[in-house]
């Protein structure tokens with residue numbers, strides 16, 4: 017029985033993981049930029065009960081979007097492991113993007129619906 021030759025021409029695990037992490041960093045940075053565009057002032061005459069748009073969005077991000085993003089990251093890591101071990105894709109960029117794309121879209125849909 018002979019061993020299979022090493023897979024040197026296929027996607028690199030480390031590079032694919034860096035591409036996947038880059039997509040998640042881009043999502044977090046985009047959310048931070050979106051928070052920067054919102055008003056931080058509380059409406060006048062509202063009292064202590066009201067929050068600003070920025071604080072409501074930040075709370076939504078912490079309690080809804082962050083857990084959804086964490087679940088999407090776990091699914092992306094599992095997808096990345098499956099793509100690297102079972103496919104013959106040569107581009108690390110393509111493997112990392114494919115692994116991040118569907119879970120991030122599902123996370124965006126979930127957060128939008130809520």
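Residue numbers (the numbering used here): 17 to 130. Glycine included, C-beta positions come from ideal geometry on N, C-alpha and C.
1) How big is the Cα-Cα spacing for residue 56 and residue 71?
2) DSSP on residue 123, reduced to helix/strand/coil?
3) Hey, residue 43 and residue 112: beta-carbon distance below 8 Å or not?
4) Extract the residue ranges of the alpha helix (DSSP H) inside the segment 51-100, only unbroken runs of 4 or more that lie entirely within it.
5) Using the beta-carbon count (16 or more within 10 Å), is residue 129 buried or exposed?
Taking the structure as given:
1) Here residue 56 corresponds to residue number 40 of the chain shown, with the count starting at 1. Here residue 71 corresponds to residue number 55 of the chain shown, with the count starting at 1. Spanning the two alpha carbons is a distance of roughly 7 Å.
2) As a working note, residue 123 is residue 107 in the chain shown. Three-state DSSP puts residue 123 in a helix.
3) Within the chain shown, the letter at position 27 stands for residue 43. Within the chain shown, the letter at position 96 stands for residue 112. In this structure, residue 112 does not lie closer than 8 Å to residue 43 by Cβ.
4) With a minimum length of 4 residues, the continuous alpha helix (DSSP H) runs that stay inside the segment 51-100 are 69-76.
5) Numbered from 1 along the chain shown, position 113 holds the residue referred to as residue 129. Its Cβ having fewer than 16 others within 10 Å, residue 129 is exposed.
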